[in-house]
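Under the UniProt record's numbering, the first residue of the sequence shown is numbered 1, with each subsequent residue one higher.
Idealized CB from N, CA, C, for every residue including glycine.
Predicted model only: the values in this text are computed from it and were never measured.
See structure below.
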Amino acid sequence: QSRLVATGDYAPSILSPWRAAEEILLVLSGTATIFINEPGKGVLRAYSSRSGDFFYYPSGQTHTIYNGSEEPIQYLMFRWTARATQPKQAHTVGYKKSLYDSGNGRLAVNHQSSGLKHLHIHFTRLQPGQSFKRHVDQYDTALIVLEGELSILNQRLGNGGVFFIRAGELHNTHNEGTEPCAYLVFEFHADTAVTSKTM
């Protein structure tokens, strides 16, 4: 997790360098402005983002995050590199919590990735006492707690907590609290064994 304090005027030239890595940026608290360079257009688009909003950046996408408020921003960044058996065209996409957490509160998508077979994303709510049975997945998984408290194999984390589960690791999810909990899940379905991640 990182924190970004107010930095004054935004300089449009300050963008992340070209990276071979793919990234997910999730805002945990505060109000951030995400600037994304649209390939081939030379235009920066600005997206106001709040807690629970997140973006997927494919390999080579330039972008930056800016704090124009007087309060710190806390955010989480996943970064990974993977080599696909065949080159894939992936696009930047953003999701607002106000949309995916409305109505039936369900989000479940398979997103095209530059190097993975695909990136699966879903949002889940668990009521007090509700759980999913122990199981094993054949891919690495990250879970981020957005509301309440979530327990995985006797470890309990609250808002902003991050669980990382390696492929082949036995696990379950359980809400041991008295309030509903909500969490995001990112599943990294590898196309090949050549994958590395940082967080």
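- Looking at the DSSP output, H171 sits in a beta bridge with H135.
- In the DSSP annotation of this structure, K88 is not part of any alpha helix (DSSP H), being labelled neither H nor E.
- In the DSSP assignment, the residues bridged to R45 are I36.
- Of the residues F188, A21 and P72, the one whose Cα lies closest to the Cα of H122 is F188.
- With contacts defined as CB atoms closer than 9 Å, G160 and I144 qualify as a contacting pair.
- Each residue's CA atom was taken as its position, placing T33 and Y57 some 15 Å apart.
- Per DSSP, the unbroken alpha helix (DSSP H) holding L99 starts and ends at K97 to Y100.
- No Cβ-Cβ contact shorter than 9 Å links L150 with T178.
- Beta-bridge annotation (DSSP): Q155 is paired with I152.
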